[in-house]
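Student: Before we start, here is the structure in question, set down as structure tokens.
Protein chains: 2
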Amino acid sequence: MNSTSAPEPAQPTERIPAAERREQILAAASRVFGERGYSGATTDQVARVAGISQPYVVRMFGTKENLFLEVLARALDRLVTSFRQIIQEPREAGPAATELLASRLGAAYVDLIEDRGILLSLMQAFISGHNPVIGAKARAGFLEIYRMLRDEAGFPPDTIREFLADGMLFNTLLAIRLPDIFHEDPAAAELMRCTFRGKLDVVLDATAAESTDADAAPAPPAAGHVDAAKDDK
Amino acid sequence: MNSTSAPEPAQPTERIPAAERREQILAAASRVFGERGYSGATTDQVARVAGISQPYVVRMFGTKENLFLEVLARALDRLVTSFRQIIQEPREAGPAATELLASRLGAAYVDLIEDRGILLSLMQAFISGHNPVIGAKARAGFLEIYRMLRDEAGFPPDTIREFLADGMLFNTLLAIRLPDIFHEDPAAAELMRCTFRGKLDVVLDATAAESTDADAAPAPPAAGHVDAAKDDK
DNA sequence: AGTTGTTGTAATCGAATGATTACAAGATCC
DNA sequence: GGATCTTGTAATCATTCGATTACAACAACT
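So, in structure tokens, the structure goes:
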């Protein structure tokens, strides 16, 4: 069903340049794909979250597959940019230099949770290795991270393995939505405290603020402020 | 399209007891769901891999969702059974007792790769946290593993975290199909050597033998031997 | 032999969904 | 102020897919 619930709100959609709209769609698609996976997501859900019509989404990106590929590329770019920035920061050499850098990169990784969908879309792509085109891009992206940790960060293989393992556990806990039951299940809380450490509150805040609700009514045109319920105009 | 390519082979499907057929379907579904995820897989693909018709699959399990839930339950059962067996094995106490047990459990985990689809189906379920019913079962299952490692294996929290992290990295490398490019990409080979260690050959063998091909013709009635191309009868 | 239960398929239905087409309302430019 | 480009939608199509229905073949039991 292509958008049952009333075609677009009362206000006709704001007219904005294509480049900007494109980024809006990518952000929306990151969240939707991150939650439901490539096959589970629909272009109509992406459209509703982005606040536009379904045909516009597919015309802007050609196909759903291509949209996913661009979401993946965008996510990888954010990750690589964030890591590279930290690696290039000046830092004193020392015996625990590698561990320090690893912990900084780990913190930066967790902070990517703010840009909702990035980490989950990445994980959804990693899980899609069976798909010939998506799988190939996912493998290439994963190995790009690996090589960056090896060649630019200078990590030894075992440090890389450990770092990636922690990252994949982090992704999995997010994807399985463990934060949702933090207050209900003691074992869940225990595991999350141990995994997220100092970043626990960041994760809980970010995941609590989520709830994309791609099923619900189309996204409102997003006023400047949420408060001040006065109707402007 | 519900099975385009010729409805069932020349030989009419062998008639076997429902319980046995049920297990066949679950095994087929584990492979298909493991490769394509819950949304990406179709009941018709499962049917073809199982060598039966699509309506039979859904009548046996009611719904696709229910089939996935049973695949998940079966996978969890295999995992828990395997772990519990090792935990209960007699072992001498010592300073490195925890590390030894962890490495045995890790080896057992990798060995589950033999029963194709188990590990990937588990991972696909973990990634489906957004789905209300599948997500709930996935969380419960994940926490069951956690509690087993804590209460039955007696692992301290950090050992559990490390163990789970290695497991999630392992799952991810399988799901992204890194073994497929072991011989093509040096970085991929490096990472896999470091991650799989002594189990590298087991993984490479198991993944090479795969290729479910749910798209191709329906599975033949599986003769006793593959060789001896003489037509029996 | 006839009845009944089990194991299976062919045919088909209806909903969902990616994609296409046709069209409209603003911008922009001369 | 008209032509043209950009930004957007409504309507609709074709396909896919889970599910349902109706039926057939075989087994088992009296």
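Quick note, the sequences are listed as chains A and B, same order.
If you're matching positions, the first sequence starts at 1 in full-length UniProt numbering and goes up one per residue.
If you're matching positions, the second sequence starts at 1 in full-length UniProt numbering and goes up one per residue.
Ideal Cβ positions, reconstructed from N, Cα and C, are used throughout, including at glycine.
#1: Any idea if A96 of chain A is buried or exposed, counting beta-carbon neighbours within 10 angstroms, 16 or more meaning buried?
#2: Could you check where the alpha helix (DSSP H) with A73 of chain B kicks off and where it finishes?
#3: With a threshold of 8 Å on Cβ separation, who are the neighbours of M148 of chain B within its own chain once the five nearest residues in sequence on each side are excluded?
#4: Does any residue of chain B bring its CB to less than 8 Å from the CB of T98 of chain A?
#5: So which of B:A140, B:V71 and B:E144 has the shortest CA-CA distance to F33 of chain B?
#6: So, V57 of chain A versus V202 of chain A, is the Cβ gap smaller than 8 Å?
#7: Which parts of the stretch 116-177 of chain A are runs of the alpha helix (DSSP H), unbroken and 4 residues or longer, counting only runs that do not cross its ends?
#8: Tell me whether the beta-carbon of S121 of chain B lies closer than 8 Å to the beta-carbon of A75 of chain B.
#9: Would you mind sorting G117 of chain B into buried or exposed? The rule is 16 or more other CB atoms within 10 Å of its CB.
#10: Please confirm whether T212 of chain A and E35 of chain A have their CB atoms less than 8 Å apart.
#11: Tell me the DSSP secondary structure of E184 of chain B in three-state form.
#12: Expressed to the nearest angstrom, what Euclidean distance is found between the alpha-carbon atoms of Q124 of chain B and A153 of chain B?
#13: Could you give the DSSP three-state label for T212 of chain B: helix, strand or coil?
#14: For the alpha helix (DSSP H) containing G106 of chain A, name the first residue and the last one.
#15: Please confirm if G224 of chain B has its CB atom under 8 Å from at least one CB of chain A.
#16: So what does DSSP say about G37 of chain A, is it helix, strand or coil?
#17: Of all Cβ atoms in chain B, is any one closer than 8 Å to the Cβ of A189 of chain A?
#18: So is F155 of chain B in contact with chain A if we call contact Cβ pairs under 8 Å?
#19: Have a look at residue 234 of chain B and A47 of chain B and give me their C-alpha separation to the nearest angstrom.
Tutor: By the coordinates alone:
#1: Numbered from 1 along the first sequence, position 96 holds the residue referred to as residue 96 of chain A. So A96 of chain A ends up on the exposed side.
#2: Taking the second sequence and counting its residues from 1, one reaches residue 73 of chain B at position 73. Taken as a continuous stretch (DSSP letters only), the alpha helix (DSSP H) holding A73 of chain B covers K64 to Q88.
#3: Residue numbering aside, residue 148 of chain B sits at position 148 when the second sequence is read from its first letter. V80, F83, R84 and I87.
#4: As a position in the first sequence, residue 98 of chain A is number 98, starting the count at 1. No, T98 of chain A lies away from the interface with chain B (no Cβ there is under 8 Å from its Cβ).
#5: Counted from its first residue, the second sequence places residue 33 of chain B at position 33. Looking at the Cα atoms, B:V71 is the closest of the given residues.
#6: Here residue 57 of chain A refers to the residue found at position 57 of the first sequence. Here residue 202 of chain A refers to the residue found at position 202 of the first sequence. It is not a contact, given that the beta carbons lie outside the stated cut-off.
#7: 118-126, 132-147 and 157-175
#8: By one-based count along the second sequence, residue 121 of chain B stands at place 121. By one-based count along the second sequence, residue 75 of chain B stands at place 75. Yes; because the gap between Cβ atoms is below 8 Å, this pair is in contact.
#9: Along the second sequence, one-based indexing puts residue 117 of chain B at 117. Classification for G117 of chain B: buried.
#10: Along the first sequence, one-based indexing puts residue 212 of chain A at 212. Along the first sequence, one-based indexing puts residue 35 of chain A at 35. Their beta carbons are under 8 Å apart, which means T212 of chain A touches E35 of chain A by this criterion.
#11: Position 184 of the second sequence, counted from the first residue, corresponds to residue 184 of chain B. Correct three-state label for E184 of chain B: coil.
#12: Here residue 124 of chain B refers to the residue found at position 124 when the second sequence is read from its first residue. Here residue 153 of chain B refers to the residue found at position 153 when the second sequence is read from its first residue. Spanning the two alpha carbons is a distance of roughly 26 Å.
#13: Counting from 1 along the second sequence, the entry for residue 212 of chain B is found at position 212. Here T212 of chain B sits in coil by DSSP.
#14: Here residue 106 of chain A corresponds to residue number 106 of the first sequence, with the count starting at 1. A97 to D111 is the extent of the alpha helix (DSSP H) around G106 of chain A.
#15: Within the second sequence, residue 224 of chain B is the residue found at index 224, counting from 1. Residue placement at G224 of chain B is poorly supported in this model, since its pLDDT is 41, which falls under 50; the coordinates still yield a value, given next. No, G224 of chain B does not count as interfacial toward chain A.
#16: Here residue 37 of chain A refers to the residue found at position 37 when the first sequence is read from its first residue. In the structure shown, G37 of chain A sits in a helix (DSSP, three-state: H, G or I).
#17: As a first step, residue 189 of chain A must be located in the first sequence, where it is residue number 189. Cβ-Cβ to chain B under 8 Å: no for A189 of chain A.
#18: Position 155 of the second sequence, counting from 1, holds the residue named residue 155 of chain B. No, no contact with chain A.
#19: This structure cannot settle anything about residue 234 of chain B, because the visible part of chain B is limited to 1 through 233.
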